[in-house]
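Peer 1: Read in order, the letters of the sequence shown are residues 0 to 648 in numbering that gives the first Met the number 0. All C-beta atoms, glycine included, are put in the ideal place defined by N, C-alpha and C. Note that the structure is a prediction, hence the values are computed from the model and not measured.
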Amino acid sequence: MNLIGTLFENRYQIIDILGKGGMSTVYLAKDTNLQKFWAIKKVLKSSKNLKADLMAEANILKRLDHPALPRIVDIIEKEDSIYVILDFIDGISLDKKLVEFGVVDEFTIINWALQICDVLNYLHSQKPNPIIYRDMKPGNIMLTAQGKIKLIDFGIAREYKEEVSQDTTYIGTKGYAAPEQYGSHQTDERTDIYSLGVTLYHLATGKGPSDPPYEIKPVREINPLLSEGFEIIINKCTEQDPNLRYQSIEELIYDIENIHKLNSSYKKTVRKKFIKLSATLLSFVFFAILTGFGGYKVNNINQRIYNSTIENAEVLTKSNSMDEAKKIFRQAIELNPEDPSAYKSAIDMFLKNNDYDGCIEFISPLVQKNASKNYEVLYWFGKVYFLKGDYYQANKRFESIKSTKKLSNEAKRELLYYKPIAEELGSTTSEKNKSSIQTSINLLREYIDTIPNSQGDAKINSYIALANIYQNNADVFPDTYLEDALTVLKEASKFAPDNNIVLLEMLGTIHYKKALRLENKKNEYDKELNEAAGYFEKALKAGSNVSNTYYLIGTIYKYLEKYDDSIRIFNEHINKFEKDYKGNTSLGVLYADLIIKDRNNLKEPDAEYYIKIAQCYDNATKKNPNTNDPDYKKLKNMYESLKSEGKIK
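#1: Grouping DSSP H, G and I as helix and E and B as strand, with all else coil, what is residue 275?
#2: Alpha carbon to alpha carbon, how far is residue 177 from residue 261?
#3: Does residue 336 come within less than 9 angstroms of chain C when only Cβ atoms are used?
#4: Would you call the segment 335-349 and the segment 375-390 touching, i.e. three or more CB-CB distances under 8 angstroms?
#5: How do the segment 355-369 and the segment 400-413 stand: do at least 3 beta-carbon pairs fall below 8 angstroms, yes or no?
#6: When you compare each of 599, 181, 28, 10 to residue 18 by their alpha carbons, which one comes out closest?
#7: Could you pull out every residue in the same chain whose Cβ sits closer than 6 angstroms to the Cβ of residue 332, ignoring the five residues on either side in sequence?
#8: With respect to the alpha helix (DSSP H) encompassing residue 525, which residues constitute its N-terminal and C-terminal limits?
#9: With three or more beta-carbon pairs closer than 8 angstroms as the criterion, would you say the segment 394-401 touches the segment 433-444?
#10: Which residue comes first and which comes last in the beta strand (DSSP E) that contains residue 36?
#11: Look at the alpha carbon of residue 531 and the alpha carbon of residue 10, and state the distance between them as a whole number of angstroms.
#12: Where does residue 151 sit, in a helix, a strand or coil, going by DSSP?
#13: So, at 8 angstroms on beta carbons, what are the nonlocal neighbours of residue 249 in its own chain, with the 5 sequence-adjacent residues on each side left out?
#14: Are residue 137 and residue 225 touching if we call contact CB-CB under 9 angstroms?
#15: Report the start-end ranges of each alpha helix (DSSP H) in the segment 344-381 that is 4 residues or longer and not cut off at the edges.
#16: Given this structure, state the Cα-to-Cα distance separating residue 490 from residue 568, to the nearest angstrom.
#17: When DSSP labels each residue in this structure, what does residue 569 get in the three-state scheme?
#18: Compute the Euclidean distance between the alpha carbons of residue 626 and residue 244, then round it to the nearest angstrom.
#19: Answer yes or no: do residue 131 and residue 85 have a C-beta to C-beta separation smaller than 9 angstroms?
#20: Once DSSP output is grouped into helix, strand and coil, what is the label at residue 325?
#21: Please confirm whether residue 326 and residue 359 have their CB atoms less than 9 angstroms apart.
#22: Taking 7 angstroms as the limit between beta carbons, can you name the residues of its chain near residue 24, skipping five residues before and five after?
#23: Is residue 319 near residue 587, with beta carbons less than 9 angstroms apart?
#24: Given a cut-off of 9 angstroms on the beta-carbon distance, is the pair residue 473 and residue 509 in contact?
#25: Looking only at its own chain, which residues have a Cβ that is under 7 angstroms from the Cβ of residue 363, when we skip the five neighbours before and after it?
#26: Could you tell me the boundaries of the alpha helix (DSSP H) in which residue 245 lies?
#27: For residue 502 and residue 605, what's the separation of their Cα atoms in angstroms?
#28: Quick one: complete alpha helix (DSSP H) runs, 4+ long, within the segment 557-635?
#29: How should residue 110 be labelled, buried or exposed, when 16 other C-beta atoms within 10 angstroms of its C-beta is the threshold for buried?
#30: Cα separation between residue 653 and residue 463?
#31: Rounded to a whole number of angstroms, what is the C-alpha to C-alpha distance between residue 628 and residue 589?
#32: What are the boundary residues of the beta strand (DSSP E) that residue 196 is part of?
#33: Can you tell me which residues form a DSSP beta bridge with residue 330?
#34: When you compare the CB positions of residue 123 and residue 188, do they come within less than 9 angstroms of one another, or not?
#35: Is it true that the CB of residue 149 sits closer than 9 angstroms to the CB of residue 68?
#36: Can the beta-carbon of residue 729 be found closer than 9 angstroms to that of residue 63?
Now the structure itself:
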């Protein structure tokens with residue numbers, strides 16, 4: 000039975016089919032209570048093995064907590080089927096991306112590989128038994144619109160147990176599965192490393208294991224643009240003998256992060272430097288004696304250029320020239336990659352615009368390249384994740400700080416309070432210790448009270464961090480999380496200027512979330528939505544550069560039936576973010592909703608609505624949309640339906 004169009008369990012509106020297998024179907028559904036999208040996996044009970052696999056997948060995922068893994072929120076058993084409600088991942092699978100766009104460049108693959116390694120390392124580190132994924136392939140890797148990797152389909156994952164000599168059955172995808180998956184051996188971490196190697200090979204060459212020449216050849220024979228280091232890594236990952244592969248994900252990560260050191264040109268350079276070292280050292284010492292303080296003058300000039308570059312970037316930031324500012328910040332970091340000042344100023348630019356994802360996208364490769372051991376930079380980078388509410392990633396950065404001796408006083412103080420909270424909320428265990436979390440929060444509150452009002456930014460940022468702790472942890476504070484966050488933000492408002500974009504957007508978001516919980520109480524629902532709209536409008540006037548702010552306020556006006564205001568905001572979004580398809584999609588969905596509303600009221604819709612939907616669909620489609628975006632799907636379905644009716648030509 001096709002569920003599209005039905006209301007499952009009086010709660011989940013089934014919108015579309017995301018995928019289909021032999022005995023299972025995955026649907027896209029909208030939670031009518033929470034106004035949130037979920038994926039619903041339906042599996043027929045006719046196969047005991049399939050049921051066992053599904054329950055194994057559910058049992059594994061229920062106790063895992065990693066940002067790259069989908070969460071299971073409910074399991075519903077019916078007479079003929081089992082339904083699993085899990086996170087909907089708004090993105091595209093890498094096999095589809097490969098078909099649409101062709102082979103992927105090495106820089107992008109390296110970025111994805113490190114993200115995949117991070118989640119595999121998490122799985123392989125589970126206690127008491129590591130979890131072996133066993134089905135790595137492009138089709139099981141999703142890429143979100145923010146460039147984040149998500150791993151899906153845990154139907155054949157298993158726990159590795161030392162006392163077990165072999166797997167119970169062979170399962171895996173032919174070509175991607177390691178040789179030991181075909182025999183009577185037990186799979187382990189090296190099995191996932193093999194499959195990852197084949198996956199990266201496929202992305203870099205466009206040749207899957209089932210394509211001619213039906214073997215893993217040296218990648219540069221197929222794609223000469225790839226580096227020697229990349230070829231070495233793939234060759235080692237895909238060795239037939241597990242003992243010849245990387246023996247752990249940590250080993251693989253090290254080589255990926257130091258891929259340039261595997262190239263023969265790098266090795267030659269190192270040898271040459273070593274040979275010249277003795278003579279050069281003597282010459283340098285003699286030259287230094289002769290020139291006295293000349294080096295100091297050169298360094299002083301370079302420092303002035305570096306400082307001036309940062310100042311120029313900050314001026315561009317104040318004038319909202321974000322793209323230009325990013326270029327100048329990048330130049331500053333290249334001038335002095337070991338100094339944390341440019342990193343911190345760049346991070347501040349993004350934080351003042353409430354753009355955590357943009358900050359991570361910009362800073363992450365720079366930290367990885369230049370500052371992976373710079374504790375001050377790691378702290379500020381970890382703080383971005385902390386403010387975003389990604390406590391697992393924040394804790395990873397905080398844990399990398401092995402000494403606080405060289406940290407600035409501000410970083411030292413904040414780390415003292417943020418780290419225990421990140422440890423608790425970023426824990427991979429299923430149970431969170433509410434008492435311990437509350438104790439850490441109380442200490443953070445006391446710390447905020449000690450920050451002088453003259454240090455306004457530091458005080459406000461700490462309030463924002465505290466508000467995020469509440470609003471991102473409804474499971475820990477189920478009854479009060481929104482009210483607690485709102486109280487903290489109003490306290491912060493006493494010390495913040497009226498045009499603080501971050502505070503305005505957070506206040507708007509909290510009121511919007513409150514409204515979604517009051518949908519059945521019309522007056523309170525409208526009151527919260529109007530409060531949210533007011534704050535978001537103030538954020539726009541203050542210079543907000545966040546696409547999602549326009550999306551939210553346009554949606555709020557639609558819910559309030561203020562359609563002219565909604566159209567105005569979505570058009571502003573289209574003009575401001577010319578390459579972003581979401582403005583066109585949101586406007587098209589609004590016109591689709593107006594058509595549905597008129598038809599439900601037995602009224603003939605305005606002919607202009609049909610023209611607008613066609614324009615919005617055409618414009619959105621030209622902007623490389625995410626085809627799994629629920630709004631884009633809705634617009635596309637309405638467009639095709641109206642076209643079949645003859646309303647659109």
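Peer 2: Concretely, from the data shown:
#1: Here residue 275 refers to the residue found at position 276 of the sequence shown. With a pLDDT of 49 at residue 275, under the threshold of 50, the modelled position of this residue cannot be trusted; read the value that follows with caution. Helix, per DSSP.
#2: For this step, residue 177 is matched to residue 178 along the sequence shown. For this step, residue 261 is matched to residue 262 along the sequence shown. Whole-angstrom Cα-Cα distance: 25 angstroms.
#3: Considering every chain present, this structure includes no chain C. It has just one protein chain.
#4: yes
#5: no
#6: Within the sequence shown, residue 18 is the residue found at index 19, counting from 1. Taking only the C-alpha atoms, the option nearest residue 18 is 28.
#7: Taking the first residue of the sequence shown as 1, we reach residue 332 at position 333. For residue 332, the CB contacts under 6 angstroms within the same chain, skipping 5 residues up- and downstream, are 341, 365 in chain order.
#8: Here residue 525 is taken as the residue at index 526 of the sequence shown, counted from 1. Unbroken alpha helix (DSSP H) run through residue 525: 521-540.
#9: no
#10: Start at 1 with the first residue of the sequence shown, and residue 36 comes out as number 37. In this chain, the beta strand (DSSP E) harbouring residue 36 covers 35-43.
#11: Taking the first residue of the sequence shown as 1, we reach residue 531 at position 532. Taking the first residue of the sequence shown as 1, we reach residue 10 at position 11. Straight-line Cα distance between these residues: approximately 25 angstroms.
#12: Position 152 of the sequence shown holds residue 151. Three-state result, residue 151: coil.
#13: As a working note, residue 249 is residue 250 in the sequence shown. For residue 249, where only same-chain residues beyond five positions count, the Cβ hits under 8 angstroms are 120.
#14: Here residue 137 refers to the residue found at position 138 when the sequence shown is read from its first residue. Here residue 225 refers to the residue found at position 226 when the sequence shown is read from its first residue. In this structure, residue 225 does not lie closer than 9 angstroms to residue 137 by Cβ.
#15: 355-369
#16: As a working mapping, residue 490 is identified with position 491 in the sequence shown. As a working mapping, residue 568 is identified with position 569 in the sequence shown. About 30 angstroms.
#17: The residue labelled residue 569 in the question sits at position 570 within the sequence shown. Note: residue 569 maps to helix in three-state DSSP.
#18: Position 627 of the sequence shown, counted from the first residue, corresponds to residue 626. Position 245 of the sequence shown, counted from the first residue, corresponds to residue 244. Whole-angstrom Cα-Cα distance: 37 angstroms.
#19: For the purposes of this step, residue 131 is taken as the residue at position 132 of the sequence shown. For the purposes of this step, residue 85 is taken as the residue at position 86 of the sequence shown. Result no, Cβ atoms of residue 131 and residue 85 do not sit closer than 9 angstroms.
#20: Here residue 325 is taken as the residue at index 326 of the sequence shown, counted from 1. In the three-state DSSP reduction, residue 325 falls in the helix class (H, G or I).
#21: By one-based count along the sequence shown, residue 326 stands at place 327. By one-based count along the sequence shown, residue 359 stands at place 360. Cβ atoms of residue 326 and residue 359: not closer than 9 angstroms.
#22: Within the sequence shown, residue 24 is the residue found at index 25, counting from 1. By the criterion of a C-beta distance shorter than 7 angstroms, residue 24 is surrounded in its chain by 16, 41, once the five residues flanking it on both sides are discounted.
#23: Counting from one through the sequence shown, the residue named residue 319 turns up at place 320. Counting from one through the sequence shown, the residue named residue 587 turns up at place 588. The answer is no: Cβ separation not under 9 angstroms.
#24: What you label residue 473 is simply residue 474 of the sequence shown in a count that begins at 1. What you label residue 509 is simply residue 510 of the sequence shown in a count that begins at 1. Taking the C-beta atoms as reference points, residue 509 is found no nearer than 9 angstroms to residue 473.
#25: Looking up residue 363 in the sequence shown gives position 364. Contacts found: none.
#26: The residue you call residue 245 lines up with position 246 of the sequence shown. Looking at the DSSP string, residue 245 is not in any alpha helix (DSSP H), and its letter there is neither H nor E.
#27: For the purposes of this step, residue 502 is identified with residue 503 of the sequence shown, where counting begins at 1. For the purposes of this step, residue 605 is identified with residue 606 of the sequence shown, where counting begins at 1. Cα to Cα, the separation comes out at about 40 angstroms.
#28: 562-575, 581-599, 606-621
#29: Indexing the sequence shown from 1 puts residue 110 at position 111. Residue 110 is buried by the Cβ-count criterion.
#30: One cannot answer for residue 653 here, as it falls past the ends of the chain, which runs 0 to 648.
#31: In the sequence shown, the residue the question calls residue 628 occupies position 629. In the sequence shown, the residue the question calls residue 589 occupies position 590. Going from the Cα of residue 628 to the Cα of residue 589 covers about 15 angstroms.
#32: Along the sequence shown, read from residue 1 onward, the residue named residue 196 stands at position 197. Looking at the DSSP string, residue 196 is not in any beta strand (DSSP E); the run it does join, the alpha helix (DSSP H), is 188-204.
#33: Translated into the one-based positions of the sequence shown, residue 330 becomes position 331. Beta-bridge pairing links residue 330 to no other residue.
#34: The count along the sequence shown starts at 1 and reaches residue 123 at position 124. The count along the sequence shown starts at 1 and reaches residue 188 at position 189. Cβ distance < 9 angstroms, so residue 123 and residue 188 count as in contact.
#35: Here residue 68 refers to the residue found at position 69 when the sequence shown is read from its first residue. Here residue 149 refers to the residue found at position 150 when the sequence shown is read from its first residue. Yes.
#36: This structure cannot settle anything about residue 729, because the visible part of the chain is limited to 0 through 648.
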